[in-house]
Every structure is written in C-alpha cells, then in structure tokens.
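Using our numbering, the first residue of the first sequence is number 9, and each one after it goes up by one.
Ideal Cβ positions, reconstructed from N, Cα and C, are used throughout, including at glycine.
If you're wondering where the values come from, they're calculated on a predicted model, not measured in any experiment.
Let me begin by presenting the structure, written as structure tokens, before commenting on it.
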Amino acid sequence: MPAPKLPEKRWSIDLEKTIQEAHYADKALYNRRYAFKPESGKELFVVDTPPPYPSGTWHIGAVAQYSMIDVIARSQRLLGKEVFFPWGVDRNGINIEFTVEKNTKRKMKTYDRAEFLNLCETTIETFTQAMRDTARRVGLSCDFDREYLTDAPDYRSVTQSIFVELFKKGDIVEDLRPNIYDPVEGTTIADAEVERLPRKTKLVDVRWVCEDGEELVISTTRPEMICACGVVVVHPDDERYQHLVGKSVQLPLETAGRSTTVTVMQHPSVKSEFGSGILMVCSFGDQNDVAVFRELGLTPFQAIDLDGNMTEVAGPLQGLSVLEARKQATLMLEQQGALVQVVEREQEIPVSERGKNPVEIILLKEWYVRQTHIQDRMRELIEDITFHPPRNRQFLIDWMDNISIDWPISRRRWYHTEIPIWYSEDECRVVVPPAGSYVQPWRDHPPAGSRVLDRNTREDLGSFEELKSSLGTITGEEKVFDTWMDSSNSNLFVSGYLNHPDVFERAFPTALRPQGKEIVRTWLYYTLLKSTLVLDQPGFQHVWIDGLGMDPWGRKMSKSLGNGIDADSVLECGAGGRTGSWKVKGPDGSVSLRANKIGSECFRLWKACDAQVGDDFQINPEEIEKKYFGVLTKLFNVARFASQFEVPENLEHAPSELAPEDRWILAEFQSTMDQVRKSWENLDIYTATQALKTFGTGLLPSHYLEMVKSRLYDDDKAAAWTLHRIVRDFMSAFSPVCPFFTHHVSATVYGASAVEVDAFPASPLPELNPETEEGGRLCSLSTTLQDFNGRTWAAKKEAGIFLNQPIENMPIPEALEEFSATLTRMHQLV
RNA sequence: GGGCUCGUGGUCUAGGGGUUUAUGACGUUGCCUUGACAUGGCAAAGAUCGAGAGUUCGAUUCUCUCCGAGCCCA
C-alpha cells in the first residue's frame with residue numbers, strides 16, 4: 009500500500025493548534041488571506057462585528073456566536089466577495105469604572121478625572137489582550153491589524169461628529185425632563201438599561217382625609233413620596249369613588265413650600281382591584297406617574313436630589329435618604345394614627361442593569377436624541393433589511409411599538425466619550441468642534457475650526473476664533489455619552505463613514521449585522537435609529553440574530569447559578585493529551601462533565617450544524633465531542649485514504665473514460681454543492697454544513713469508496729481523478745466551518761490552501777448537474793444503489809461470511825444495470 | 001399583567017395539511033479487526049410529534065383553550 013500524503017493517523021487537537029499558530033504567526037500571509045482590500049475590485053461585504061466588551065472572561069455562548077460570524081465571513085470570501093471582517097473592542101462604559109473602583113476600593117468621584125481615566129485604560133488593556141487570544145483560538149479571520157477600540161480618538165471622533173451633525177439638525181435636544189436616575193452611581197440611565205428584581209417591600213395603607221371629613225385609604229409602597237403627590241386618582245368606572253372626584257384631600261404628612269391638599273381626579277390607568285382602588289400620583293414614583301402628570305398637565309415636584317436624598321419639599325424628611333425617609337414616614341404616619349396597616353409583599357422593583365441599584369425618576373436637564381417622530385420612517389426602511397431568521401424582525405418591531413419617549417444620551421460618568429460642547433458665559437450660545445476631531449471639553453479648549461451656534465435655534469453665528477471674545481468665559485460640558493451612543497455607529501465606522509468616503513459609498517448599507525437577540529432593543533435599535541437620522545437609509549442589508557448559549561438543561565448561564573462553562577477550557581480540551589472536565593450545577597445538584605478532545609474545529613462544527621440560527625442552544629462539552637469529533641475523524645480518514653493515490657496533474661478537466669459510478673458520485677456531489685452554495689449565499693450555515701456532513705460521512709465513503717476501491721488499487725486514473733476532485737472541492741466548500749482542518753488537508757495533498765479559494769468550486773462536468781436529464785437520472789439511482797449495497801452487506805452478515813467473500817443469489821436490480829461490473833467485483837457476486 | 005418564541009424516540013435536533021415506513025446525530029443493544037478508519041465499521045430496537053377541543057375527506061403540521069419552558073417588556 010502506498011504511503012498516504014497525509015502522515016497523521018487522525019485529526020488531533022495538537023495538530024489543530026500547530027496549524028493554527030502557524031496561521032496567525034505569518035502576518036504577511038495572514039493579511040494576504042484575510043485583510044480588507046477595498047481596491048480589489050470585488051463586491052464589498054462589510055461585517056459589523058459586535059465589538060466585545062472585555063470583562064475578564066468571554067461567555068462561551070458569545071464565543072460560539074463569533075465563530076459563526078467567522079463562518080459567514082469565510083463563506084462570503086469563498087463566494088468571491090471582498091470581505092471586511094473587522095475586529096473591534098468596546099471599551100467604553102460603566103463596567104470598567106466599576107472594576108477600577110472595586111480593585112482600588114475607591115469611588116470614581118474621589119479621583120482626579122484624568123488619573124481615573126488612566127487607571128481605566130490600563131485595566132481594560134489587560135482584559136483586551138485575553139479576548140484577542142481567544143478570538144484567534146476559535147479561528148476568527150478578522151482583520152486584526154485594523155483593530156479599532158471604541159475608547160480611541162478615531163472612534164470617539166465619529167461619535168462626536170455625529171452628535172454635532174444631529175445637534176445642528178435639531179435631532180438632539182436638551183431638556184428638563186423626568187429621567188431614570190441611579191442615585192448610587194450618580195448617573196442618568198436609559199429605559200433599556202433598567203431591569204426588574206423581585207424584592208420584599210412593605211405595602212402601607214394610609215388614611216387620608218377629605219375636606220368634608222370623609223376618610224379614604226390609599227395603599228402605597230412609597231410613603232416618603234407623599235410630599236411629591238400631585239393628584240389622587242380613581243378609575244372612571246369605579247362606582248365606589250365617583251362621589252370623591254373633584255374633592256380636595258389633605259396630605260397625611262407634613263411638607264414644605266407647597267399646597268397641603270390635592271384634588272381627586274379620574275384616570276383609566278388605576279387598577280381598581282389593587283389595594284383600595286385609590287391611587288396617589290407622585291413626581292415620580294414610577295413611569296405611570298410620569299404619564300399621569302403629563303396627561304393631566306400637573307407641575308411636578310422635585311422630591312429627591314442627585315444624591316438620592318429627600319429635598320426641602322419633604323419637610324421633616326429633608327436630607328434623609330430615600331430608604332430612611334420611607335421608614336421615618338411610616339413611623340410618623342403611625343404616630344399620627346394615619347396608618348391603617350402594613351403588609352409585606354413580593355414586588356418587582358426597577359433597578360439599574362449595571363449597578364443593581366433601585367432607580368428613581370427625577371427631573372434633570374439632559375441631552376436627548378429625538379426618536380418618537382421618526383418611527384414610521386424607520387419602519388419603512390427596516391422593510392428593506394433581510395432578517396435571519398425572519399421572525400426576528402418582529403422582536404425589533406415589538407420594541408419599537410413601545411417607544412414613547414426620547415432617548416436620553418447624557419451620563420454623569422467619566423470613562424465614556426465626552427459630549428463635545430462648550431457653553432458661553434450667558435449660556436445662550438454654544439461652541440462645537442469641527443467634524444473629525446476628538447475633544448474633551450472638561451479639560452480642552454475648543455480646537456481650531458470650532459463653530460459658535462445659537463443654543464436654541466442652532467443658527468451658525470460664526471467661527472469660534474472670531475467670536476471668542478464675545479462669549480465671555482466658556483464652560484466645557486462635563487457629561488459624557490451613553491455607551492450605546494458609541495456602539496450605535498459601529499456600522500458607520502467600519503463601513504468608512506467620514507474616514508474613507510470612497511469606501512463608504514460602496515459599502516453602505518453595511519452588508520451584515522450579526523448579533524445576539526438579547527441586544528435587539530439596544531444595539532440594533534439604536535444603530536438603525538442613527539442610520540435613519542443621519543442618512544435616511546436602512547443600516548444593513550442583512551441582520552443575523554442568534555439565540556443565547558444555555559447550560560445543558562436549557563437555562564441561562566450565570567454566575568449566580570454556577571452553571572457557566574469556560575470557553576478556553578473547551579477550546580483547549582485535548583491539547584497535549586489533557587482531557588477536560590467541568591463541574592456544572594444542574595437543577596438536581598452538581599454534575600461532572602468530561603471530554604477527551606474538542607478544540608476549535610469540533611466546536612465550530614457543532615455550532616454550525618447542531619441547531620438553526622436564532623434558537624437558543626444548549627452547551628454540553630460531552631455532547632459536542634460525542635456528536636462531532638467523529639465527523640472530523642471520518643472526514644480526515646477519507647482524505648487520508650484518498651491521499652495515498654497519486655493526485656492527477658490536471659484536476660480541472662475530467663478524463664474522458666469515467667466509469668458509471670464516477671459519473672454517479674459526481675452528479676450526487678454536484679447536487680450537494682449546489683445546495684451548499686445556495687446556503688452560503690443565504691447565510692444559512694446549518695443547511696450548508698448538514699449537506700456537507702451528510703455527503704462526506706455517508707454516500708462518499710460508505711458507497712462510492714467501497715465501489716471504487718479495487719479500481720483505485722489497480723491505479724485507475726478515472727477513479728483517482730474523481731475522488732481527488734471531490735475531496736479537494738469538498739475541502740473548499742467546507743473551509744468556512746473548519747478552516748484549519750481543511751487547510752491542512754488541502755495544502756498537504758493538493759498544495760493549495762482551501763482558505764485561499766475565492767470562487768465557489770465550479771462543476772467539472774456541467775452535463776451531470778442535477779438539473780440536467782443525465783444528472784437527474786443518476787441522482788435518482790442513489791436510493792436503489794444504497795439499498796442494494798445495504799441488502800448485500802446484510803445478507804453476508806446473515807450468512808456469517810466476510811464482506812470480501814463471494815455471495816450467491818444477489819441479483820442486481822435492473823435500474824443498476826450500468827453498475828453491474830463494479831457491483832459484481834465489489835461484492836464478489838457469483 | 002402584556003408581547004414574542006418554543007414543547008417531536010432516553011437526550012439533542014430536522015421537517016412540515018395526505019405518497020401504507022416522521023430526518024439526522026448522540027446514547028442503548030447486537031454483530032464485525034473486511035486491502036483508509038476500533039478515538040472505527042455494520043445493523044437493530046426505540047416517538048401515535050406537550051394535553052384537550054375545533055377546522056378538514058384527512059393534522060404532528062392550521063385555529064382556539066389549557067399546561068410547561070425561555071426571552072423581552074410593563
């Protein structure tokens with residue numbers, strides 16, 4: 009037997025790592041393969057890679073998603089597109105501020121601002137490096153040399169320029185409005201950043217007294233807010249209380265600087281079955297209060313200050329924190345005999361997503377992006393975007409249906425992009441920087457080219473240089489942007505907006521936004537909002553939304569549940585012969601999971617063909633290995649087997665003397681390849697991978713190889729050509745899923761790497777394509793052929809004879825007449 | 001409380017108004033060291049497609065209700 013060109017007996021993790029390291033080590037070669045070359049003349053395909061936020065560990069579900077984004081990027085290259093698969097890192101935000109605060113046991117606002125920013129930057133850099141390593145370990149083919157960081161001047165300048173543009177157009181406004189505010193972290197937050205946590209709270213029934221002496225009972229969980237009460241409301245259909253409407257009632261607690269009574273009115277938002285069915289509306293206890301105040305045109309009270317303490321209006325409670333005030337208010341109500349009862353109940357309270365602190369709604373002057381006026385236009389533009397899977401469009405539209413207020417974009421934090429604006433001494437004019445510059449108004453002066461605008465009308469009054477002296481002492485804005493303000497122009501940035509106008513023209517709308525479904529309402533929504541406001545265009549051609557990675561029981565992975573699985577341990581499982589083991593807390597106690605080898609290729613193969621895009625997926629290393637490592641072994645063996653036969657000099661042109669079984673498998677292969685190409689074009693990873701897997705582990709080895717084995721050993725050129733042509737093209741088509749595996753096989757056996765192929769393999773014999781008469785006929789024989797082989801093998805087994813021994817009485821079906829010579833030899837039919 | 005998904009052999013999964021046999025994989029069981037492959041090959045068993053009702057000549061597939069899971073929102 010000739011020695012196979014592929015020397016290794018089987019695919020292994022160490023082999024994978026060797027290939028991988030070589031892959032990334034040669035930078036020139038790497039860039040030739042994967043760097044973005046907009047001048048190549050090919051159609052551009054820009055991927056708006058989600059820039060991961062470095063926080064120490066990278067969630068395995070996210071790593072799995074990134075590997076699928078890589079599959080898409082590679083498959084688009086295979087289809088001949090010029091792909092830009094950028095690598096960005098999202099480094100702005102409150103998380104890194106928290107980390108630094110925790111590490112140094114010191115609150116941000118006790119630092120000098122510049123000093124604190126330095127600390128954040130060095131800390132996040134160490135996390136960033138870990139992510140770069142994992143990205144390579146899972147095989148991402150990003151343009152790493154063009155790495156972008158969202159906290160770098162070039163990125164932030166785009167955010168600031170867009171702000172100035174929208175400010176001039178009037179799409180960004182400042183206003184005193186009720187804001188969701190985190191008093192512990194001292195910052196405003198957006199609707200989308202609020203989550204709800206169940207907590208025990210005390211529901212207090214308080215006795216209020218009308219002007220005519222009638223008593224009524226109102227239930228509230230927030231008695232400290234009585235001082236900010238603007239109205240008492242009942243449901244218009246609630247017959248019990250209609251006689252109260254229009255009456256005035258006494259506030260049961262002492263206040264200062266305000267009327268001591270409020271009027272009873274009607275409002276449909278009251279839940280009559282809740283408590284007594286009477287509701288006090290305060291500025292602001294919750295979102296409903298905001299709505300009622302607005303609808304009834306009431307003037308709100310400012311009851312809580314920026315530190316989360318009660319203000320003057322709270323009278324005796326002034327200066328107390330909200331929680332202390334609540335206790336004190338309950339006590340005072342009790343002493344006055346106004347307390348009817350206190351019931352402990354489970355309630356969901358709104359907290360900030362990042363800090364888990366109970367949030368308050370207070371009046372603040374903040375910056376807003378106007379968004380309610382543009383929803384209809386957005387909806388039209390979204391029609392032009394293809395969603396994968398299609399149903400996910402609905403997630404987005406559902407969220408848009410709930411948009412009722414503008415987007416507050418200013419934050420009172422530090423490690424974020426600064427709001428690029430200065431105010432004149434009389435506060436009537438503002439200074440904004442020119443496009444393309446990055447400024448830090450809290451410490452910089454306006455740069456050359458800055459303009460002076462009227463703060464209200466946005467009229468351009470002239471250049472800053474000329475008007476400087478008339479502005480008095482200017483003050484730089486201290487506030488910064490919500491991080492989504494940065495993230496929502498990632499597609500603009502990677503497509504070349506402002507920086508590469510020539511590329512941008514060809515690359516926008518950005519070809520693909522891949523992301524997880526948990527950030528549809530933030531990242532996706534805000535990005536589309538900006539594309540609409542800035543360019544009046546849909547932001548993307550395709551939006552590809554994957555599900556979440558779950559634990560082996562279908563639950564979300566979280567620190568508190570202790571059911572997380574570390575990504576690196578799965579990718580490294582099997583390296584150096586070390587097995588992997590994981591302790592995971594299941595619903596019925598701890599479970600030990602074990603695997604011998606997984607690695608990136610097996611991991612990617614699993615994610616590619618275990619479930620359809622968009623569904624949540626369960627991550628169980630044991631199953632990944634059992635179900636998919638065998639596939640790699642099988643494919644490797646097929647390639648290894650093929651590699652012992654000489655590779656024909658000309659693989660492009662088929663020899664004329666092909667045997668019927670060669671023509672048959674070529675027709676079948678073409679049918680598979682057609683399906684694969686269509687699937688890659690539709691970003692359908694699942695179907696493409698399934699088709700390849702089925703062919704490569706089924707029909708090809710079990711039937712075709714068995715049929716042509718003897719011909720191959722007899723040095724039959726047609727059989728060798730057919731087999732090699734199929735294996736080579738198979739590796740190309742499969743390279744998006746398993747780049748290192750296919751690279752190794754193709755480079756070793758055929759001297760050309762599958763990862764460099766930039767045209768989907770064409771059919772060698774178009775007359776055998778499945779849609780032709782001959783191709784269709786050959787494909788239709790497959791079932792009969794498989795059935796006959798199966799029956800023959802079974803019959804031999806039944807008879808207790810070896811497969812290479814002769815068997816009698818196995819008539820070849822008429823349909824397979826043309827294969828009779830081959831079948832007779834293969835099965836030793838007599 | 002509302003919205004959106006989902007519920008298919010032990011496990012995960014495909015499919016989808018009807019071709020007397022519901023896809024594939026893992027697991028299980030049995031057989032096999034056959035000129036690539038025992039980290040393998042071959043084969044078998046295993047599901048009335050969450051429950052109930054309706055539409056229909058016919059439903060696992062459509063509709064409704066219920067039960068269960070998940071996500072999002074209030």
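Taking the continuous alpha helix (DSSP H) assigned at residue i, which residues delimit it?
i, result
"E676", "P668 to E689"
"M76", "I68 to L86"
"L786", "E781 to S788"
"L174", "P161 to K177"
"E511", "One detail in the question is off: residue 511 reads as Val in this sequence, not Glu. Its alpha helix (DSSP H) spans residues P509 to A515."
"P747", "P747 to Y758"
"T195", "That residue, T195, is in no alpha helix (DSSP H); its beta strand (DSSP E) goes T195 to I197."
Closest by CA to residue i, which one among the options?
i, options, result
"A456", "N464, T465, L469 and K476", "K476"
"K605", "E29, G588 and P58", "G588"
"S790", "E775, T540, N812 and R671", "R671"
"G323", "D596, T263, L543 and A770", "T263"
"L793", "D766, A803, A823 and V765", "A823"
"A583", "K17, D22 and P15", "D22"
"Y42", "F93, W415 and V54", "F93"
"P15", "A650, N817 and F796", "A650"
"K642", "Y156, K701, P522 and V592", "K701"
"W531", "D494, E391, V439 and R685", "D494"
"E361", "I693, E193 and R466", "E193"
"D766", "D737, F748, E779 and S291", "D737"
"W216", "L461, E342 and A755", "E342"
"V745", "L691, P709 and S788", "L691"
"L314", "G484, R420, L125 and T130", "R420"
"I68", "S718, I197, T780 and D559", "D559"
"Y533", "G363, M408, A770 and Q274", "M408"
"N797", "S740, L713 and V639", "L713"
"D544", "V91, G555, D179 and R154", "D179"
By a C-beta neighbour count over all protein chains shown, 10 Å radius and 16 as the cutoff for buried, is residue i buried or exposed?
i, result
"I809", "exposed"
"N628", "buried"
"Q258", "exposed"
"Q137", "exposed"
"K615", "buried"
"V838", "exposed"
"L331", "exposed"
"L157", "buried"
"L666", "buried"
"T26", "exposed"
Can you tell me which residues form a DSSP beta bridge with residue i?
i, result
"H550", "T394 and L520"
"V439", "W430 and V460"
"C128", "DSSP output for C128 lists no bridge partner at all."
"K117", "DSSP output for K117 lists no bridge partner at all."
"N187", "I370"
"G588", "A603"
"I382", "Answer by DSSP bridge pairing: none, since I382 is not bridged."
"V217", "E223 and Q258"
"S418", "F489"
"V202", "S360"
Tell me the residue span of the beta strand (DSSP E) that contains residue i.
i, result
"T229", "Premise fails: T229 is in no beta strand (DSSP E) and is neither H nor E."
"G597", "G597 to A603"
"Q402", "Run containing Q402: none in the beta strand (DSSP E); it sits in the alpha helix (DSSP H), N400 to D409."
"T695", "Where T695 is concerned, there is no enclosing beta strand (DSSP E), although the alpha helix (DSSP H) it sits in stretches over I693 to T702."
"V278", "Premise fails: V278 is in no beta strand (DSSP E) and is neither H nor E."
"L157", "D151 to L157"
"L52", "L52 to V54"
"E90", "E90 to F92"
Note down, one range per segment and in chain order, each alpha helix (DSSP H) of at least 4 residues found wholly within the segment 528-586. 533-538 and 575-579
Pick out the complete alpha helix (DSSP H) segments inside the segment 289-377, 4 residues or longer, and give them in chain order. 295-304 and 330-343
Quick check on the DSSP output: what are the complete beta strand (DSSP E) runs of length 3 or more inside the segment 591-666, in order along the chain? 597-603
Which ranges does the beta strand (DSSP E) cover as unbroken runs of at least 3 residues, wholly within the segment 448-497, from first to last along the chain? Those beta strand (DSSP E) runs which fall completely within the segment 448-497 and span 3+ residues are 459-462 and 468-471.
Output the residue ranges of the beta strand (DSSP E) runs that lie fully inside the segment 228-273 and measure 3 residues or longer, sorted by chain position. 237-242 and 256-258
Counting only runs that start and end within the segment 19-61, where is the beta strand (DSSP E) found for 3 or more residues in a row? 52-54
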